[in-house]
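This report refers to the structure that appears directly beneath it.
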Amino acid sequence: APSLATGQLDIGVDWLSKFGYLPPPDPVTGQLQTQEALTNAIKAMQKFGGLTETGVLDQATLGLMQTPRCSLPDVSEPDGTTGRSRR
Amino acid sequence: SLKPQNKWTKRHLSWRVRTFPKESALLGRDTVRALMHYALKVWSDIAPLNFHEVAGSEADIQIDFTKADHDDGYPFDGPGGTVAHAFFPGERFTAGDTHFDDDEAWTFRSPDTHGMDLFAVAVHEFGHAIGLVHTSALESIMRPYYQGPVGDPLKYDLPYEDKVRVWQLYGVRDSVSHTQGPGNPPDTEEPPVLLDLPDNRSTVLYARDAPDRCTSPFDAVAQIRGEAFFFKGRYFWRLTREKHLVSLRPAQIQRFWRGLPANLDGLDAVYERPGDHKIVFFKGLKYWVFKDNNVEEGYPRPISDFGLPVEGLDAAFVWPHNDKTYFFQGAHYWRYDDHLRRMDPGYPKDASLWKGLPPNLDDAMRWSDGSSYFFKGKEYWRVLASDMEVEAGFPRLIAKDWLHCTEMQSDSPNVEGKFPEDGGRHLPDHAENGYEVCSCTS
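Sequence lines, in order, name chains A and B. Sequence positions in the first sequence follow my numbering and run 20 to 106. Sequence positions in the second sequence follow my numbering and run 3 to 444.
Right, here's the structure in full:
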């Protein structure tokens with residue numbers, strides 16, 4: 020992956036979590052997402068957004084993340100997570 | 003993708019703009035309300051859902067322009083980023099509520115670069131409010147990303163992909179043909195005037211097809227809440243208890259009585275039901291029951307509920323002297339007990355028992371003088387109190403006695419032939435610089 024500023028990565032992770040592609044970090048254990056989970060989440064977002072599924076936060080992906088959009092999540096339960104409350 | 007939460011079980015949904023954009027120089031309140039009306043109409047045009055605007059805090063869909071964190075778990079984030087959201091149908095108090103980020107530069111009929119097109123975002127959010135989720139389909143209005151203005155709200159056509167998804171949820175609205183697909187022309191009903199909703203409503207355009215109250219026979223007449231209503235085609239006139247016309251211009255039935263079908267071109271009979279004072283409208287083989295001016299759930303229903311003939315109905319009214327409901331059709335009449343909800347035995351009877359009345363009435367109504375009035379063509383008949391015989395001196399002219407028309411007055415735009423004494427020619431024009439001269443003869 021091209022070198023990303025930590026801030027960009029944080030923004031990306033926040034964005035993926037906000038719109039349902041990544042489970043929010045567990046507030047109790049502080050466990051962060053695994054690289055694999057992050058890659059899968061990015062691919063899911065790219066696929067949903069009609070981008071090429073590279074699995075990395077490339078320019079097109081970051082650009083789409085900055086496009087104005089609806090607040091509602093795109094995915095209700097990211098792969099492998101259960102029990103997230105639906106709105 | 004996100005699984006749909008729910009769908010509305012009811013079909014009549016109320017909405018209200020509770021708060022408006024604070025800084026938008028372009029978008030006045032009436033324009034915002036008109037845009038919300040048209041954004042909802044995009045969905046009600048094709049799904050069996052009806053939206054009507056209400057005042058007060060009971061609306062199903064409360065619409066707010068708000069900023070940053072506004073306590074619903076979906077904080078806005080200033081210009082750009084997240085711009086709006088809506089809550090899915092359900093039983094919760096917030097179900098259907100829709101929020102727009104007041105930090106956005108909301109625009110209307112502006113180029114893409116000038117800001118966020120409010121109509122486009124509203125159509126998307128109301129898609130959520132009726133139960134649709136985000137989709138990855140590039141041409142869908144339900145894509146999560148803002149895709150710029152979608153053109154004139156009066157001409158906007160929902161992408162076929164979105165029509166199919168809402169049809170899967172609610173079925174097809176009966177006025178939409180199944181063959182309707184992309185590129186078909188929208189229905190020809192005249193939409194309310196957008197942007198022409200200024201504060202003084204009198205500038206709303208007067209529809210060309212409005213009938214002339216002084217020359218038209220009426221489809222239906224009724225006393226409702228003590229006032230008289232004269233229905234003709236898609237319009238009606240209203241008279242106060244003192245028989246004063248509320249307005250010389252007719253109002254559109256559709257806009258006042260919410261829930262009648264959009265393509266309704268006229269009524270057969272109307273009456274106010276004794277007991278619960280709900281209003282019953284008849285058209286063909288169907289009837290609708292209204293509480294105030296909103297239709298009740300579950301209507302229309304067949305008139306066979308009343309035990310009436312399948313041909314339809316001419317007239318319906320409640321006779322003041324026995325509080326029974328009388329239905330007329332052709333040369334027969336029925337007596338129905340609205341308290342027991344059943345037809346009295348021994349009916350139908352021959353309408354000639356009502357001496358002096360013509361067959362095939364247009365309608366009938368009770369009036370505050372305790373008499374019953376029967377209407378047909380341009381004339382009306384009066385029957386006093388508990389009589390069953392027309393009073394002497396009738397029929398008289400509806401236009402003259404009820405609708406404040408003089409012999410020479412007419413509301414029809416073309417007045418040729420209205421002035422027989424000059425052989426149908428216009429009187430010479432005394433105006434300078436082309437202004438019409440008019441005089442008031444009474």
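Here a beta-carbon is modelled for each residue, glycine too, at the ideal position from N, C-alpha and C.
query: Residue-level contact to chain B via CB, P43(A), 8 Å cutoff; result: no
query: N- and C-terminal bounds of the beta strand (DSSP E) containing F330(B); result: K326 to Q331
query: Y158(B) to A122(B) span [Cα, whole Å]; result: 9 Å
query: Boundaries (first-last residue) of the beta strand (DSSP E) holding A86(B); result: T84 to A88
query: Minimum Cβ-Cβ distance from T100(B) to chain A less than 8 Å; result: no
query: Partner residues on chain B for T86(A), Cβ-Cβ distance less than 8 Å; result: Y147 and Y148
query: Span separating the alpha-carbon of G228(B) from that of D316(B); result: 22 Å
query: C-alpha distance - W369(B) paired with Q170(B), whole-angstrom precision; result: 48 Å
query: Within chain B, the residues that L83(A) reaches when beta carbons sit closer than 7 Å; result: Y147
query: For F308(B) and Q331(B), the rounded distance between their alpha carbons; result: 13 Å
query: Chain A within 8 Å of H39(B), Cβ atoms only; result: no
query: Inter-stretch contact at 8 Å, needing at least 3 Cβ pairs: the segment 316 to 327 of chain B / the segment 336 to 353 of chain B; result: yes
query: Three-state secondary structure assigned by DSSP to R215(B); result: coil
query: Cβ-Cβ separation, R88(A) to T84(B) (assumed contact under 8 Å), whole Å; result: 6 Å
query: For F232(B) and M144(B), the rounded distance between their alpha carbons; result: 44 Å
query: With 16 other Cβ atoms within 10 Å as the buried cut-off, status of T33(B); result: buried
query: Residue closest to H323(B), alpha-carbon to alpha-carbon, out of L156(B), H87(B), V385(B) and P77(B); result: V385(B)
query: Identity of the residue in F90(B), R251(B), E60(B) and D371(B) nearest E244(B) by Cα; result: D371(B)
query: Under 8 Å by beta carbon: chain A residues contacting A86(B); result: C89 and S90
query: Cβ-Cβ distance between G75(B) and D105(B) below 8 Å; result: no
query: Short CB-CB distance (under 8 Å) between T205(B) and chain A; result: At T205(B) the pLDDT is 35, less than 50, meaning the model places this residue with poor confidence; the figure from the coordinates comes in the next sentence. False, the Cβ-Cβ gap to chain A never drops below 8 Å.
query: Three-state secondary structure assigned by DSSP to P86(A); result: The question names Pro, yet the displayed sequence has Thr at residue 86(A). T86(A): coil per DSSP, three-state reduction.
query: Partners in chain E for D33(A), counting only beta-carbon separations shorter than 7 Å; result: Here chain E cannot be found, since the structure's protein chains are A and B.
query: CA-to-CA distance, A212(B) to C407(B), given in whole angstroms; result: 16 Å
query: Residue environment, G395(B), which counts as buried when at least 16 other CB atoms sit within 10 Å; result: exposed
query: Coil, strand or helix - L241(B) by DSSP; result: strand
query: CB contact check: E127(B) to chain A, cutoff 8 Å; result: yes
query: Alpha helix (DSSP H) segment containing T58(A), residue limits; result: Q54 to G68
query: Beta carbon proximity, H72(B) to chain A, threshold 8 Å; result: no
query: Whole-angstrom C-beta distance between Q225(B) and M390(B), which should lie under 8 Å; result: Their Cβ separation, rounded to whole angstroms, is 19 Å, which puts M390(B) and Q225(B) out of contact at 8 Å.
query: Residue-chain proximity (L42(B), chain A), Cβ-Cβ < 8 Å; result: no
query: Segment contact flag, the segment 90 to 110 of chain B with the segment 50 to 59 of chain B, C-beta cutoff 8 Å, min 3 pairs; result: no
query: Chain-order list of residues whose beta-carbon lies under 8 Å from that of D221(B) (same chain, five-residue window excluded); result: F233, K234, G235, G268, L269, D270, D364 and D365
query: Test: G82(B) CB closer than 8 Å to a CB of chain A; result: yes
query: Residues that G69(A) contacts on chain B, provided the C-beta gap is smaller than 7 Å; result: S138 and L140
query: Separation of G82(B) from A70(B), as counted between CA atoms; result: 12 Å
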